Structures are given as C-alpha cells and as structure tokens.
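Only one structure is covered here, and it is reproduced in the block below.
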Ligand code: NAP
C-alpha cells in the first residue's frame, strides 16, 4: 500500500497507534498449536475472523458465555472445555490460513462483519454493540471522532475554547476538539503533561486495573510491557499520545486556573490564570472545559502536634524522589490503593515500617499483578493483525457487566453491615479464605486484616500476596490503635505506644468530592459554583451545571466507575459530549447553552436511586465515594452502555440556548 493509502486507513481508523502491516506467520503447525493454547480464545477468534474475512468461523456454539466474574476472571469468558477445544481447532486452521495465504494486514471492516464479530464476542448482547464500535478501531463508524470541521459550520465566528488540565481527561478532550479544528488553548498547572500519572511517582506506583482496559479508543497501544502497567509506562504512553495528536507543543505549562467569570453581556468566560511566579493573566474564552481530575487534591488529615515532627513527612502524591528511605524508619498512614503499592515496594529496604490502619482493604486476587505480558501475547500482537486491539476490546467487554452483581444490595438482607447480599457474602467468604491462608501463623494480624464492611463498599485492590507478605515481615508493625498525636520523633497512638520514625508517608487519599477546589467559578448572576453546590457537587451527565453556560466538566461528579467499565471510555465520552454541545450551539448560531435544572434533577435522581442499591450506598458505610452530605457523588452506578446512551446526543429539551 502506498504511504498515502496507509495514512487514509489510519485516518479512517481513528487510532494514533494504527499499524498497517504485521510480521508474516512462518511457524510450523506444532508451533501454531502452542500459540493457540496460550491465547485468549474469544479475542483470537475475532481477530482471525477479521483478518481472514471469514466471519463464518464464529459459530454460535463457540460464543463465550460471559460467566459473571465474582473474584477471579474465568478463562475465555467461561467457555466450556468442549467449546475451548473446538475453538482452538477453528483458530488453528484460521492461523494456518494467515500463514499459507500470507495475510499480514486487515482493513476497516464492513458494518455487517463488525456486527457479526461483536455479537459473537458479547454473546448476543446487541445493545452493547454501539458502545463497542466506539472502542473498535476496525469499525467503519466508531462515532468518537467528529465528522465535522469548525470552519464549515462556524461561519467565520470568533470562538475559542479553554481546556484546563493535560491529564488523561484533558488529552482526550483536546484531541477531539482539535480533530474538529475548534480554536483551542490548553493550560496545565504543572510543568509536564500526564496529570495523576505525572504526579504520582511513589515507589511501586502502577495500575490496579488491567492495562488493556486502560487506554484511549483513539490510541490503542499494542506493545504494553506489563499486565498492570507501571506508572512510568503510562506517563510515556500519555506523552506519546499527546505528541502523535499534535498537542504537546501547544500546552501552556505552569498555568493554573484560579478564576473564571461568566460575562453574561458578552457571553464569554473571563478567565484568570496564575503562573508559578505568581503572575496573573486574564483572557476570554467562549467555552471552558475543566479536566482537572478527581483524585488530585491530597487529603492530609489534621493530627495534634503534626508540625512538631522533625523528620520528613510527605503525601503519596507529593513523593520526594530525593528522599532516601532505604535503611530508615518509615511510617505509612492509610491502607488504600496507594499504600497497597508503597508498603510492599519499600518494605524490604527500610529499617522498620509501621502501617497505620483505620480500616482494612478488601483485595481481589490478581496473581499476575506484577507479571509482564506473555511471550504468546507478544507473538500474537506482532503477527495476527490487530490481535492486541481485539484483546483490548475483549477486556472492555468483560468489564461491561463487571462485578455489579456482587455489590448490589438485597432488600431485607440480614448479613449487614458485613455484607449486602448472598452473593456479596459469598465474595466476603472467598476473600476471607484467601486472607486466612495469607496470614497463616499470624492470628493477631489476620484479625485486623479482615475488613468489617461489605466487599465493594470501598475500592477493592488487586493482590498477589505482597500485602500480607509485607505486613507479616519481621520489621513491620501494623498499628490499629487510632493516631492520637504526632511528636517530634514520630506518632503516638491512643493505646499510648510511641512509634519513632524518620519518615511519615500520608497515603491518606484525596478530596474527590471537592470538585474544582482552589478555583473560583462564577456563573450567571455572579453565583459561585461551590456556593451553588453547598458541598454536594452535581452535573448533568457529569458534564454540565445549570447556571454555568458553556462550562463543561470532563470526569465531573457521578461518572466514576469502580466495579465495572472503562475509565477512558467515560471520560472520552464526556469530552465528546462537550464537543457535541459546542457543535449544537454553533449550528444554531447560539452563543451559549445552559443545562436546565430539571434535567440535572432527573439525572441526579436516576443515579442516586441506583447508587442507593449498591454496597457503597448503604447508610452504615463510609467511603470516599460519598461527599460530606452523605450522597454518593463520585460514582456512576451503571455500565458503560448507559453512559454511551446518555451521551450519544445533545437533547435540545435539556438545554436553554442563549442568543
Ligand atoms: P484512599 O483509597 O482514599 O485511602 C486512604 C487511606 O487513608 C484509607 O485507608 C483511609 O482509611 C486512610 N485515612 C484517611 N484519613 C485518615 C485518618 N485521618 N487517619 C487514619 N487513616 C486515614 O486513598 P489512595 O490510596 O490514595 O487511593 C485513592 C484512589 O486513587 C483509589 O481508590 C484509586 O481510585 C486511585 N488509585 C489508583 C491507583 C492505581 O492503580 N491505578 C493507585 C493508587 C490510587 P479509611 O479507609 O478508614 O477511610
């Protein structure tokens, strides 16, 4: 194919990592059989059907049943041994075809083939296929990239958009807006792009969800080294995406949004940014997109005597890489996702470690947590056209139903407050069994390691045994008595014990419900957004707020997924929804749109009623998913499919359009 031809496929595919040709398959039948035995069958069958153009190999009897996942994934989506055997035979003969017919590429699929393959992978759930096309780079119409250009509909209008933040959400929104050619400014408070992955550099930082479920639909990297990517790998990915999207050069670094005021008469946002040296700059934009992240502002609890401590104290997100913690006495406060990664990473090299636990974490088994991708995977990704992208899609499919069935509360269930349903109780028992094995010989620790709240009420971690290993290590102490005060030498707990330490790490999480903290956002009538919210942030589809025209939040309230779904999907869709809103107002020659209060109330009632059915919505549970008013303001209680639906178009009934 000519270079121009390659570019056109790439553009149609909407994938910055698009690969046109693959290495030829030259292996013997015996070697191919070994490959097939190590592959994820549904993904392989889909990839081979697409590459050979023969979708008849996807017979209904081979469909993966998608057995719901309680604690550990079922191999091949729960295909029976007999199905697997037949599936492998089918895959082997298709792989031979790839070799014998020297097939080394695959083009965009027809709509029919796309549907056939998707229906196969999702076992007939045709209501999933719209959302899945958004994620399939071989689909003829993914629906994510704008099919319009600003200059074609804006009619010479002076219109500009500000994107605040260059983390995962900001890059997604910026890419879509720049694809449409909307005049754009991107500001970033830090000095490098990457958001949370730029800031969090503590020892052990890595993903705690599978890597292949954690990338953009428009940037489907195939050669990820690890099953759960390390922080530096995600940083590098985000930098590559921004470079390939042509965004990296245009980000204004060291520029923090401190104030935005809606000027009703001019229909613009007057925005003040502050640079590192304190200098302020004021300018105007027609629309503002806030992509400032949800887990961004560290939570540092107040403890008496905190300032008296003479050692080093740092929050996990503000880890000082110049601090040498080796051979030191280290305290870690907290046992959430960050502590789970820090504690095992430093444990062997410190002099002593004390972990302050307020509540124990639930951990889902992930034996492959520190593993690289397998050699078989790497072979398939190099030789079977788009295998890695099909595998990514397969991971997303498994994530659609996710683990909702394990956290939904059963009315009248008597196991509360330790569990919320029969299934939830089963999960509790299974995870407790694993903990009991891990803490064998340490009954005192085991007693404290079993959480006293239902599985799923807080974010569940992924574990391959390193947490128990670190806590049972001879020089580790698990302190469960509450912290009473800090002293110059360390921390004293309520039971009177003084833990002398050199370094204190606050792994105490963030302030996720304080959306837009540190910014003053003044909407219509001069109302400040935090005064409007009164501690209970709400936004329609997590994006728009009544009284704040042309202000869009990407990854705002109530769109975070915790037991199901893809984060990237949610925030890509939020950005795309904002872009659809901008298109709508440009086409109507309106200057702004403002969501109606009734639409927000309807949306909030819908998510609230579902969140109340979940483990995290129970009145006896305390979790960062809830805000100070007790409402679950962080979490999206549905699947990705409902969000795909909700954000598919701008319903003019939901909005007031300003002339
Ligand atoms: P977190 O999950 O909120 O955990 C904070 C910990 O600090 C909890 O154990 C909490 O105890 C404890 N704590 C808070 N205030 C305390 C106080 N005053 N005294 C004693 N203990 C206190 O925070 P995180 O670990 O930083 O994780 C936050 C979120 O970031 C995660 O849920 C996840 O979404 C994300 N994250 C993701 C990754 C990743 O892999 N990708 C890694 C790290 C973080 P209680 O439980 O009793 O409140």
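In this note's numbering, the protein residues as written are 326 to 984.
Think of the CB as a built atom: it goes at the ideal place given N, C-alpha and C, for glycine as much as any other residue.
The model shown is predicted, which means the values in this text are computed figures rather than measured ones.
Does any C-beta atom of chain B lie closer than 8 Å to the C-beta of residue i?
i, result
"residue 398", "No chain B appears in the structure shown, which is made up of a single protein chain."
Are residue i and residue j touching if we call contact CB-CB under 8 Å?
i, j, result
"residue 448", "residue 390", "yes"
"residue 930", "residue 979", "no"
"residue 417", "residue 358", "yes"
"residue 935", "residue 963", "yes"
"residue 774", "residue 664", "no"
"residue 605", "residue 596", "no"
"residue 549", "residue 536", "yes"
"residue 438", "residue 346", "no"
"residue 831", "residue 658", "yes"
"residue 467", "residue 542", "yes"
"residue 861", "residue 787", "no"
"residue 509", "residue 499", "yes"
"residue 424", "residue 351", "yes"
"residue 446", "residue 371", "yes"
"residue 507", "residue 475", "yes"
"residue 580", "residue 607", "no"
"residue 879", "residue 915", "no"
"residue 547", "residue 342", "yes"
"residue 807", "residue 819", "yes"
"residue 816", "residue 656", "yes"
"residue 624", "residue 764", "no"
"residue 396", "residue 710", "no"
"residue 442", "residue 532", "no"
"residue 368", "residue 719", "yes"
At which residues does the beta strand (DSSP E) containing residue i begin and terminate?
i, result
"residue 599", "593-600"
"residue 455", "Unbroken run through residue 455 is the alpha helix (DSSP H), 454-460; no beta strand (DSSP E)."
"residue 585", "580-588"
"residue 606", "605-610"
"residue 803", "801-804"
"residue 812", "Where residue 812 is concerned, there is no enclosing beta strand (DSSP E), given that its DSSP letter is neither H nor E."
"residue 712", "Per DSSP, residue 712 belongs to no beta strand (DSSP E); it is in the alpha helix (DSSP H), 712-724."
"residue 823", "823-825"
"residue 857", "Counting along the chain, residue 857 falls outside any beta strand (DSSP E), though it belongs to the alpha helix (DSSP H) covering 854-858."
"residue 985", "Any question about residue 985 goes unanswered here, given that the chain covers just 326 to 984."
"residue 445", "Where residue 445 is concerned, there is no enclosing beta strand (DSSP E), although the alpha helix (DSSP H) it sits in stretches over 436-446."
"residue 846", "845-847"
"residue 828", "828-831"
"residue 788", "786-788"
Would you kindly report the start and end of the unbroken alpha helix (DSSP H) that includes residue i?
i, result
"residue 377", "366-377"
"residue 690", "Run containing residue 690: none in the alpha helix (DSSP H); it sits in the beta strand (DSSP E), 688-690."
"residue 818", "Counting along the chain, residue 818 falls outside any alpha helix (DSSP H), though it belongs to the beta strand (DSSP E) covering 815-818."
"residue 703", "700-708"
"residue 757", "747-763"
"residue 502", "493-504"
"residue 356", "354-362"
"residue 791", "791-796"
"residue 487", "Per DSSP, residue 487 belongs to no alpha helix (DSSP H); it is in the beta strand (DSSP E), 486-489."
"residue 410", "406-425"
"residue 967", "965-971"
"residue 771", "768-774"
"residue 475", "475-478"
"residue 729", "729-732"
Could you check whether the Cβ of residue i sits closer than 7 Å to any heavy atom belonging to ligand 3?
i, result
"residue 447", "Ligands displayed in this structure: ligand 1; ligand 3 is not among them."
Inset, instruction - Please list, following the chain, all residues that have a C-beta closer than 5 Å to any non-hydrogen atom of ligand 1. - result: The filter returns 532, 533, 620, 626, 659, 660, 661, 662, 663, 683, 684, 784, 833, 834, 949, in chain order.
Inset, instruction - Flag this pair as touching only if the stretch 720-734 and the stretch 580-593 have three or more C-beta atom pairs under 8 Å; answer yes or no. - result: No: the two stretches stay apart, fewer than three of their Cβ pairs being nearer than 8 Å.
Inset, instruction - Report yes or no: do the stretch 807-816 and the stretch 625-634 share at least 3 C-beta pairs separated by less than 8 Å? - result: Yes, the stretch 807-816 is in contact with the stretch 625-634.
Legend entry - Contact the stretch 877-884 vs the stretch 954-962: 3+ CB pairs below 8 Å: At 8 Å Cβ cutoff, the stretches touch.
Inset, instruction - Can you check the stretch 882-936 for any beta strand (DSSP E) of at least 3 residues that lies completely inside it and give the ranges in chain order? - result: Counting whole runs of 3 or more residues, the stretch 882-936 contains the beta strand (DSSP E) stretches 917-920.
Legend entry - the stretch 458-472 contacting the stretch 482-493, beta-carbon criterion three pairs below 8 Å: The stretch 458-472 and the stretch 482-493 do not touch, with fewer than 3 CB-CB distances between them shorter than 8 Å.
Inset, instruction - For the stretch 372-386 and the stretch 717-725, state whether three or more C-beta atom pairs, one from each stretch, are separated by less than 8 Å. - result: A contact between stretches requires three or more CB pairs, one per stretch, nearer than 8 Å, and the stretch 372-386 fails this requirement with the stretch 717-725.
Inset, instruction - Could you name each continuous beta strand (DSSP E) segment of 3 residues or more that falls completely within the stretch 635-663, going from the start of the chain to the end? - result: Entirely contained in the stretch 635-663, the beta strand (DSSP E) runs reaching 3 residues are, in chain order, 637-640, 654-658.
Inset, instruction - Specify whether the stretch 779-793 and the stretch 688-696 touch according to this definition: at least 3 beta carbon pairs, one from each stretch, less than 8 Å apart. - result: Yes, they touch.
Legend entry - Sufficient close CB pairs (3 or more, under 8 Å) joining the stretch 896-911 to the stretch 476-484: Counting Cβ pairs under 8 Å, three or more are found: they touch.
Legend entry - Segments of 3+ residues assigned as beta strand (DSSP E) that fall wholly inside the stretch 498-577: If only uninterrupted beta strand (DSSP E) runs of at least 3 residues are considered, those enclosed by the stretch 498-577 are 509-513.
Inset, instruction - May I ask you to verify whether the stretch 670-682 touches the stretch 848-862, counting CB pairs closer than 8 Å and requiring at least 3? - result: No, the stretch 670-682 is not in contact with the stretch 848-862.
Inset, instruction - Pair every Cβ in the stretch 733-741 with every Cβ in the stretch 936-947, then say whether three or more of these pairs are closer than 8 Å. - result: At 8 Å Cβ cutoff, the stretches touch.
Inset, instruction - Would you mind listing the beta strand (DSSP E) stretches within the stretch 859-883 that are 3+ residues and don't spill past its ends, in chain order? - result: Qualifying beta strand (DSSP E) stretches, in chain order: 876-878.
Inset, instruction - Inspect the CB distances between the stretch 509-525 and the stretch 566-577 and report whether three or more fall short of 8 Å. - result: When Cβ pairs closer than 8 Å are counted between the two stretches, the stretch 509-525 is seen to touch the stretch 566-577, the count reaching three or more.
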